[in-house]
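K.L.:
Following this note's numbering from start to finish, the sequence shown increments by one per residue and tops out at 501.
Here you go, one structure.
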Amino acid sequence: MRRLRSSSKFQPGWRTRLGHRSRSDAMKVFPAFFLGIMGLASLVSAAGDESLDDLMARAILEYGQRLESATSELVAVRKRIADERTPLVEAVHELEDRIMRQEAGISTLETNAVRAETERLGFETEWELVVRNLDYISRVARENLEALESALLPGESLLYGDRIASYLQAFERPSKLAHAVAALDTSDLLLDRLQRQLGGYTVEGFALSMDDNRVWEGRFAFVGPEGFFADTDFQIAGTVRPREGDLLPAVYPLADWDRAQAELYFSGEYGEIPVDASDGKALPLQESRDSIFVHLRKGGIVGYVIIGLGVFAFITGLIKIADLRRLSIDDPKSVRSVLDQLATRSIDETEKAVSSLRATTQEMFVAGMRHMEKPKAVLEEHLFAFILRQRIDHERRLPLLAVIAAAAPLLGLLGTVVGMVKTFTLITVFGTGNAGKLSSGISEALITTELGLIVAIPTLVLHGYLSHRTQKNLSLLEQYAVEFVTASDEQKMGRKDGGTVSS
């Protein structure tokens, strides 16, 4: 556009230069014209008899005519140029204006295109943001809906189950519009449930009694995280809990719940209700507690072996306690008085004193008095034989208790290994996702260890107690036997010194 304006601006200058060039060209023509005439004259004089003046005159006339014709033609051309210049200049100006308008339009279109591209990019960014927000809202709504489905109280599925199922199906569709609508419906559902929970609400339905496995028709009442059920006649009223494998919720009758208070609560008035402070864990914990026989049965074969060893150790312990009671030994003070009488008094008086002693001590002294007149070595052998019989009798089965005390933990360890092998076998078959399938192997591994320690610890304590008491009593017998031999020698020496002692 700037170039076109410059060309139109210098149009008069072009005309000035054109006129100046025409005059200079005319000035250059005349010398050539005269030279041409002179050359022509020389040629003519050489060619013919015509005079130079005539030729010059004719040439001047001819060139004058030519000059006049050229001048006329030049004037005509200039006039034609002047006549054609104005339309051409106007056409040029019009074209320049059109070019300017086209360039302005192009500039406007380019500006609009840039603005449109910027707006398009902005709209695309906003759309991507909207899509991300919509995906996030849909994902959060779906997660909350699934959480709500798993957190529904027993009996609430009657009210919300169909709506939750339909919304979950909407989330499975590929349409984002369906996801947005399902997200809005989910928020309405969550708000509706929250409003209901704040004030509590009731739903008609059926429940399975855990006492007699009867199906009762009645009403569910929900308040906060707790749900309750009562039949139409209030014969049964209690808390409800889900139960795996049952289509109906399970109702646990609460005997301590006053019937009048239950009727007030279910009728919508103020009434007292029992609340589980453990957030629903009390009843499952109560149900998870097995009886002693079920608990022992989970130990498997190794558990039965450990129980058998425990029973055998218990019976052996009772027998050894009874044996220990038969090994009745007097205290050293009582025995000392009898031995003093043996050394200083007659045999009859000594026998009366011995009869007051306990059975085992009395039996040993009687055996010693029976062989008291024999040599000392013989008397010692008889007393040693008596003590040896007592030792054999009362130390019998004590090593067996020690073996059981040592073997029971090892059997518990064996049960642990067997249980872990069983657990890994179940993991191979069912995987790690089903904890219920793995509980049998884990229970066997832990219960056998428990049983092994239960058997080993009391058996070890019992063995230590019986060994200590037996060794103590046998040591006292050995002490009394030595003292009896000494008293017997003193009596013999007394008889030698003082004469014969009547027997």
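Note that beta-carbon positions come from the ideal geometry of N, C-alpha and C, so glycine has one too.
Keep in mind it's a predicted model, so treat the numbers as computed, not measured.
#1: Hey, how far is the Cα of E349 from the Cα of F384?
#2: Does the distance from the CB of G413 to the CB of G301 come in under 8 Å?
#3: For my contact list, L146 and F220 are in at a C-beta cut-off of 8 Å; report their separation, rounded to the angstrom.
#4: Cα separation between T342 and F382?
#5: Leaving out five residues on either side along the sequence, give the residues of the same chain with a beta carbon under 8 Å from the beta carbon of L187.
#6: Helix, strand or coil for W125? Go by DSSP, reduced to three states.
#7: Which one or two residues does DSSP pair with Y250 in a beta bridge?
#8: Only counting the same chain, and skipping five residues up and downstream in sequence, which positions put a Cβ closer than 8 Å to that of V238?
#9: What is the DSSP secondary structure of E215, reduced to helix, strand or coil?
#10: Can you check whether the CB of G298 is closer than 8 Å to the CB of E442?
#11: Do the stretch 470 to 481 and the stretch 451 to 459 meet, that is, are 3 or more Cβ pairs less than 8 Å apart?
#12: Use the C-beta contact count for G315: other C-beta atoms within 10 angstroms, 16 or more gives buried, fewer gives exposed.
#13: Can you give me the start and stop residues for the alpha helix (DSSP H) that E358 sits inside?
#14: Measuring alpha carbon to alpha carbon, tell me which residue in L386, I313 and S354 is nearest R395.
#15: Could you give the distance in angstroms between the alpha-carbon of E378 and the alpha-carbon of K490?
#16: Measuring straight from C-alpha to C-alpha, what distance separates V201 and V128?
#17: In terms of alpha-carbon separation, which member of L451, K331 and A375 lies closest to L409?
#18: Which word fits M98, buried or exposed, when buried means at least 16 other C-beta atoms lie within 10 angstroms of its C-beta?
#19: Return the bridge partner residues of A479 from the DSSP annotation.
#20: Could you have a look at S49 and say whether DSSP puts it in helix, strand or coil?
#21: I need the DSSP call for T505, collapsed to helix, strand or coil.
#22: Based on Cα-Cα distance, which residue from I234, E488 and L192 lies nearest to R212?
#23: Considering Cα atoms alone, identify which of P240, V112 and F232 is closest to F264.
#24: Thinking C-beta only, is T468 closer than 8 Å to E393?
#25: Report the residue from V364, K331, V352 and V480 whose alpha carbon sits nearest the alpha carbon of A375.
P.N.:
Let me spell this out:
#1: 19 Å
#2: yes
#3: Incorrect: roughly 14 Å between the Cβ atoms, too far for contact.
#4: 24 Å
#5: L143, L146, Y158, R161, I162 and Y165
#6: helix
#7: T237
#8: L151, P152, G153, A205, F218, G225, F226, F227, P247, A248, V249 and Y250
#9: strand
#10: yes
#11: no
#12: buried
#13: Note that residue 358 corresponds to Thr in the displayed sequence, not to Glu. Taken as a continuous stretch (DSSP letters only), the alpha helix (DSSP H) holding T358 covers A357 to R368.
#14: I313
#15: 15 Å
#16: 40 Å
#17: L451
#18: exposed
#19: None; A479 has no bridge partner.
#20: coil
#21: Outside the modelled stretch of the chain, which goes from -1 to 501, sits residue 505, for which no answer is possible.
#22: I234
#23: F232
#24: yes
#25: V480
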